[in-house]
Structure formats: structure tokens, C-alpha cells
Ligand SMILES: Cc1cc2nc3c(=O)[nH]c(=O)nc-3n(C[C@H](O)[C@H](O)[C@H](O)COP(=O)(O)O)c2cc1C
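Numbering (the UniProt record's numbering), first residue to last: 1 to 503.
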């Protein structure tokens with residue numbers, strides 16, 4: 001190819017020069033071709049990129065197509081039901097609910113219902129009346145002095161840093177209007193989380209951002225200062241996150257601006273990796289003592305922890321420690337391995353941790369079997385974007401739900417998969433001021449509010465369709481699976497099947 005480059009390059013140049021000389025046309029080509037030749041010559045000499053050494057000019061098309069591959073995939077290839085992590089249908093549902101426009105779908109389902117993986121609700125022949133009020137849940141166990149009356153659906157942990165300042169502000173204003181909480185994520189509690197007046201769950205990660213001393217260790221004084229702010233309704237200790245359990249937070253250098261570095265107390269424009277484990281405790285006993293310490297320091301606000309389940313014996317040990325110390329968290333947030341993130345190593349995103357459903361079932365069953373289920377709430381977070389997913393999580397053991405990417409869609413996220421490189425085109429997950437400007441806080445906060453409201457209303461409608469009045473009455477018996485149909489056909493038509501095989 002390099003030989004071809006020289007032959008065609010020189011031939012073209014000669015041709016264009018001749019045309020220009022004779023007709024005085026092709027002026028632009030006379031400029032462009034030499035530039036391409038110089039670029040090509042440079043690429044032939046450089047030693048970093050094999051493709052460009054071998055295809056000095058055409059090689060750039062590979063980079064161009066790589067760059068726009070997600071867009072091509074989404075706009076031209078993806079079908080309505082198969083986009084990843086969220087299908088076009090799922091994203092559209094959130095957009096419509098956020099815009100408060102008709103979210104009904106036409107003509108019938110596009111899913112293959114006669115499949116073993118199909119899951120659906122067994123509706124009642126006698127549906128209940130649809131509740132008008134949006135469901136709420138009280139969080140706060142026996143040692144909690146300031147129980148919190150939470151919405152059934154809230155904004156999951158996403159830090160300022162991972163999200164833009166406009167996104168954080170829009171989420172907070174939406175949360176205030178809809179009376180639900182915004183979880184700060186491990187990046188710390190900032191003014192953007194407070195100025196809208198919405199309820200806050202303050203997350204404490206291994207970096208202790210906002211409550212760390214100069215050596216990066218937990219500072220009780222600094223914690224106490226922020227934990228007692230009235231907007232802070234609950235505090236969540238982050239043990240792990242589904243997309244990267246056992247890894248610790250990642251803030252890419254491109255998103256670590258001077259402002260964010262100042263808030264977190266780190267060096268700007270460098271990659272910030274929070275350690276995988278906490279320095280304030282290192283075993284179940286220490287964790288439960290830390291829960292008690294935070295409760296004291298916050299004047300009795302609800303304290304919980306968030307984790308993705310890995311080694312189940314470790315979770316059981318934590319539960320035994322709760323019983324031994326007679327100290328319980330007010331809530332436990334369960335994140336599935338399919339959870340979202342701003343940035344994570346692919347090995348961790350694809351290959352570490354238990355998915356949401358089995359994790360939720362395991363945690364609920366463990367707490368029930370140890371007779372401590374009533375001491376705390378379980379918050380489920382794993383692709384909760386519709387009324388159906390809320391009911392499903394509750395049936396598997398959750399009391400309430402968090403959604404991260406659902407609320408990102410409500411802000412206008414288009415699943416461009418650029419959260420990690422500061423190039424989010426919608427201004428949601430970037431620190432680029434130009435891109436951020438696209439996200440108008442007043443408009444998007446309304447969408448956040450409507451998405452929450454309309455999704456919970458859809459959950460109320462499903463609840464009524466199942467013949468139930470309260471979410472506390474929802475259990476797994478209202479759900480059916482495709483393999484149940486297969487089982488029923490074997491059960492009811494065995495003779496038919498035998499006849500078929502005989503002939
Ligand atoms: C952009 C982004 C940033 C996140 N940051 C945090 C974080 O700081 N702390 C945390 O515990 N989880 C974080 N998460 C995980 C979410 O809180 C949530 O647990 C996970 O995405 C699953 O919920 P989802 O399926 O509704 O997105 C983040 C997720 C996203 C998409």
C-alpha cells in the first residue's frame with residue numbers, strides 16, 4: 001500500500017497541476033493534495049500506528065468509523081428491542097414519560113412472549129382501584145432518631161464529576177418538586193446538590209470526599225458538619241458498586257477539573273482512583289461499628305450501606321455481626337453487576353459480581369432467615385426504568401428502588417457511551433462547559449420530575465391490575481414466566497404429544 005501511495009500520490013499531483021496550469025481550475029485540489037501527501041509521508045515514517053504506516057491516508061477512515069461506530073449502531077443497525085444496555089423502546093419510554101407526553105405503544109408487543117425467558121404479571125380478574133397518591137416508605141430502624149419518609153423511587157448515586165454541574169442541579173430541582181431524594185454518589189456533597197433544596201442521600205465512599213482529613217482518612221468532625229445539614233436525609237456507606245465491585249471509584253483525568261479537584265481535595269487533571277476498601281474499617285465488626293458511629297455523628301439520621309453481592313458468606317457474616325452488636329443499618333442498597341458507571345475497567349463491568357435478581361433474592365432470604373428483615377429497608381438498584389421493573393424488584397425483596405440511568409435518560413442522555421471520556425454530547429456526563437450548555441437546567445428538571453411521577457403512576461396502575469392495594473402486598477406469586485407455560489403444556493396435553501410422536 002505504501003508503494004501505491006507514492007505512485008498514486010505523485011500521479012494525482014501531476015494531473016491536478018497540469019489541469020490547473022492549462023485551465024486554471026482545480027485550485028483547491030492543488031492545495032489539498034500536497035497536504036495529504038505531507039500527512040501521508042509523515043505516517044509512513046511514524047512508528048506508532050501500523051494501519052497508518054501501511055495505509056498512510058485511507059487508514060484515517062478506520063479511526064473515523066471507529067469514532068462514529070456507536071452512532072451508526074444506534075441510528076442504523078439497532079432494532080427497537082435490542083439496544084444495549086437499554087433498548088430503544090426502553091429509552092423511548094423514559095423520554096416520553098420525562099416529556100410528559102403520551103407513552104402508550106401502538107399495535108401490540110414487539111417481544112416474543114412464547115419464550116421461556118418471558119416474564120409477566122398475572123393480572124387479577126378483579127383489578128383494584130388505582131391509587132392516586134404516589135407510594136412512600138419510611139426508612140429508619142430502632143436506633144434512628146430522624147426517620148425519613150422516602151419516595152418508592154429515587155435518584156441513584158452519581159457523583160458531581162461523573163455528572164456535569166447542570167445535570168446535578170437539574171436532578172436536585174426535579175427531586176425537590178417530586179419529593180424524592182438524590183444520592184450524591186461518592187464524589188461528595190457539593191453546593192450544586194444543595195442549592196435546589198431537594199432531599200439528599202449523602203454517599204460516603206472509600207475516598208471520604210467531603211469528610212476526609214489531610215491524609216485521606218475519615219474525619220468525624222468534617223462528617224458531622226455536613227451530615228447535620230437539614231437537606232441530608234440519609235447517609236449511605238458505599239462498599240461496592242455493581243459495575244466495578246472490588247475496584248473503587250474512577251474519575252478520569254479528563255473530567256477531573258480544577259473545581260472538582262478542589263471539592264475532592266486531589267490534584268486536578270489526574271486520574272483519581274479511590275481505593276477498593278475503606279480505611280475506617282476492614283471487617284464486618286468494624287463496618288457495623290462504623291454504622292453506629294455515623295448514626296451518632298449525624299444525630300440519628302438513617303444510615304445504610306450499598307453493595308454488590310460477591311462472596312455470600314461475607315454478607316452473612318455482616319448480618320451475624322448486626323445481631324451480635326444489636327446494631328442494624330436502616331437500609332441496605334443492593335446493586336446488580338449489570339449496574340451502570342461513569343468509568344470502569346471492562347473486566348470488572350463484564351466479569352465481577354452477582355446480577356441484581358439473584359442478589360436481591362439472596363439478601364432478602366438471608367435477612368428473613370435470620371429474623372432481622374424487619375430491622376431495615378432494602379433498596380434495589382438495577383435497571384429500574386419502568387413501573388414493571390419497580391414491581392419486579394419489590395416482588396424479589398426490595399422495599400424501594402433507586403434509578404441512575406433512568407434519570408440520566410430523563411435528562412436527555414442518548415446512551416452515546418461517552419461518560420468516560422468527557423465527550424458526552426448531551427451535557428449530562430461531561431465537564432466540558434460547551435457541551436454542558438446544551439443541558440438547560442430549568443427544562444430538564446421538569447423532565448426529571450415528570451419521569452419520576454409518571455413512572456410511579458405506571459407502577460400504581462400495575463399494582464391495581466394485579467388486584468393489590470399496597471406495594472407491601474406484592475410478592476413473587478403475581479409474576480409468571482415463560483417456562484411456566486411450557487410446563488403447563490406438558491402437564492395438560494401429554495396425550496396429544498404422545499399421539500403426535502406415534503404417528
Ligand atoms: C454515570 C454514573 C455514575 C455513577 N456513580 C456512582 C457513584 O458515585 N457511587 C455509586 O455507588 N454508584 C454509582 N453509579 C451506579 C449507580 O448508582 C447505580 O447503582 C447503577 O447504575 C445501577 O442502577 P441503574 O441500572 O439504574 O443505572 C453510577 C452510575 C452511573 C451511570
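C-beta: ideal position from N, C-alpha, C; glycine also.
(Q) For residue 341, count the other beta carbons within 10 Å of its own beta carbon; 16 or more makes it buried, fewer makes it exposed. Which is it? (A) buried
Q. To which residues of the same chain is residue 435 closer than 6 angstroms at the C-beta, ignoring the five residues directly before and after it?
A. 427
Q: On a CA-only basis, which of 351, 43 and 355 is nearest residue 54? Give me that one, please.
A: 43
Q. Rounded to a whole number of angstroms, what is the C-alpha to C-alpha distance between residue 88 and residue 31?
A. 44 angstroms
Q. Quick one: does the C-beta of residue 341 sit closer than 6 angstroms to a heavy atom of ligand 1?
A. For ligand 1, at least one heavy atom lies less than 6 angstroms from the Cβ of residue 341.
(Q) Quick check on DSSP: helix, strand or coil for residue 387? (A) helix
Q: Taking only runs that begin and end inside the stretch 158 to 239, name each unbroken alpha helix (DSSP H) of 4 or more residues, in chain order.
A: 165 to 178, 191 to 194 and 220 to 227
Q) With a Cβ-Cβ cutoff of 7 angstroms, do residue 400 and residue 332 count as a contact? A) Contact flag unset, no.
Q: Evaluate contact between the stretch 171 to 184 and the stretch 441 to 453, counting only Cβ atoms and requiring at least three cross-stretch pairs below 8 angstroms.
A: yes
(Q) Spatial neighbours of residue 80 within its chain, please: C-beta separation below 7 angstroms, excluding the five flanking residues on both sides. (A) 87, 88, 89 and 110
Q. For the beta strand (DSSP E) that residue 403 lies in, which residues bound it at each end?
A. 400 to 403
(Q) Quick check on DSSP: helix, strand or coil for residue 120? (A) It is a strand residue.
(Q) Rounded to the nearest angstrom, what separates residue 84 and residue 195 at their Cα positions? (A) 34 angstroms
Q | Alpha carbon of residue 120 to alpha carbon of residue 384, nearest angstrom | A | 16 angstroms
Q) In chain order, which continuous runs of the alpha helix (DSSP H) of length 4 or greater are located wholly inside the stretch 119 to 154? A) none
Q) Does the count of Cβ pairs from the stretch 179 to 194 and the stretch 160 to 169 closer than 8 angstroms reach three? A) Yes, since at least three Cβ pairs between the stretch 179 to 194 and the stretch 160 to 169 fall closer than 8 angstroms, the two stretches touch.
Q: Verify the contact flag: residue 241, CB atom, against every heavy atom of ligand 1, threshold strictly below 6 angstroms.
A: It does: the Cβ of residue 241 is within 6 angstroms (strictly closer) of some heavy atom of ligand 1.
(Q) When you measure from the CB of residue 382 to every non-hydrogen atom of ligand 1, does any distance come out below 6 angstroms? (A) yes
Q) Can you tell me whether residue 228 is buried or exposed, with buried defined as 16 or more other CB within 10 angstroms of its CB? A) Exposed.
Q: Consult DSSP for residue 291 and reduce its assignment to one of helix, strand or coil.
A: helix
Q.
Do residue 351 and residue 118 have their beta-carbon atoms positioned less than 7 angstroms apart in this structure?
A. No, Cβ-Cβ distance for residue 118 and residue 351 is not below 7 angstroms.
Q.
Would you say the beta carbon of residue 92 is closer than 6 angstroms to some non-hydrogen atom of ligand 1?
A. no
Q | Among 236, 418, 386 and 454, the one whose alpha carbon lies nearest that of residue 68 | A | Cα-wise, what sits closest to residue 68 is 418.
(Q) Looking only at its chain, what residues have a beta carbon closer than 7 angstroms to the beta carbon of residue 274, apart from the 5 residues adjacent to it on each side? (A) 186, 205, 206, 207, 248 and 249
Q: Note down the Cα distance separating residue 62 from residue 220, rounded to an integer number of angstroms.
A: Distance between the alpha carbons of residue 62 and residue 220 is about 53 angstroms.
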